[in-house]
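Residue numbers (my numbering): 5 to 306.
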């Protein structure tokens, strides 16, 4: 059976809602204070697993009270957690403010995720080597990122979010690179290339830089798949966003789940756009993700 291994972060998300995001130095009255499961790595793993993919995870969680909520969906979705270490430190924490229009701002304290460096990852290389697809993000140390790419025997998919400096050759192994428009510009900056231009221009510039394929996510405008052979626009369903937290991670997890079935980049991205739209209609990240029983929104011309 085809397998996805995610090497990444596990966080607890502290979520507060406000009418708008505060200005510097400003205090606003908000609501919420929920503590939910998060972390880009965990989010993407859960999204894939809940859609039926076989998933293993390489990462670390703390031993504090945040560990239990952070791991809830990782446990209930059937992910292989044999390569997850519970360390004597704090669990990664994301402080998230969600505005009335569903947009969010996020500040992250890495906690145990900072332990996922080259020695940590290399000691779990077998979990990576036997995966058909390996999925990486930017919330672990750069040395751990590089070690994961070096251990991978299957396809490597990279969602370098946040955009941190990583080994260039390791980054260029991504097939595809998943990024939003802002991240695409920052990655081009990291590669020493011009970062101005329309989203599709950025995607093709990344392909010209050496990526075998690029999938650019464009929020309510869908996505764009770029390869050396050309590009394809991917539509997305029209939904009323409640909370966009983790919607991009839902896209990434669903995308990789489809790759495991043999889907093409375009077909995988088309399905993933529907999953991302579904996630934006619920609160939080992992609690908003669909399962195989969920009715996903359809793309319409209206």
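We treat Cβ as the ideally placed atom computed from N, Cα and C, and that holds for glycine.
Per DSSP, residue 35 lies in no alpha helix (DSSP H) segment; the continuous beta strand (DSSP E) that holds it begins and ends at 35–42.
Using a 10 angstroms sphere on the CB of residue 78, the tally of other CB atoms reaches 16 or more, which defines it as buried. The three-state reading of DSSP puts residue 90 in strand, counting E and B together.
Looking from the CA of residue 242, the closest CA among 213, 279, 256 and 219 belongs to 279.
The straight-line gap separating the alpha-carbon atoms of residue 118 and residue 304 is approximately 43 angstroms. Residue environment: residue 32 is assigned as exposed (fewer than 16 neighbouring CB atoms within 10 Å of its CB, all protein chains considered).
Beta-bridge partners assigned by DSSP to residue 159: 137. Pairwise C-beta distances place the region 264–275 out of contact with the region 171–178, as fewer than three of them are shorter than 8 angstroms. Annotation for residue 239: 226, 274, 277 and 303 place their beta carbon closer than 8 angstroms to its own, counting only its chain and skipping 5 residues before and after. Note that the C-beta distance between residue 98 and residue 111 is below 9 angstroms. When the Cα atoms are used, residue 210 and residue 283 turn out to be separated by approximately 28 angstroms.
A distance below 9 angstroms separates the beta carbons of residue 12 and residue 141. The beta carbons of residue 247 and residue 286 sit closer together than 9 angstroms. For residue 259, there is no enclosing beta strand (DSSP E); the residue is part of the alpha helix (DSSP H) that begins and ends at 251–264.
Listed in chain order, the non-local C-beta contacts of residue 59 below 6 angstroms within the same chain comprise 8, 49, 52, 53 and 83, local neighbours out to five positions each way being set aside. Contact annotation, residue 149 with residue 167: C-beta distance approximately 12 angstroms; criterion of less than 8 angstroms not satisfied. Residue state for residue 179 is assigned as coil, using DSSP reduced to three classes.
Counting only the Cα atoms, residue 221 lies some 23 angstroms from residue 153. Rounded to whole angstroms, the gap between the alpha carbons of residue 159 and residue 263 is 9 angstroms.
Judged by DSSP in its simplified three-state form, residue 287 adopts coil rather than helix or strand. Collapsing the DSSP output to three states places residue 21 in a strand. Non-local beta-carbon contacts of residue 104 in its own chain, meaning distances under 6 angstroms to residues more than five positions away in sequence, involve 23 in chain order. Straight across, the Cα-Cα distance linking residue 297 with residue 215 is about 35 angstroms.
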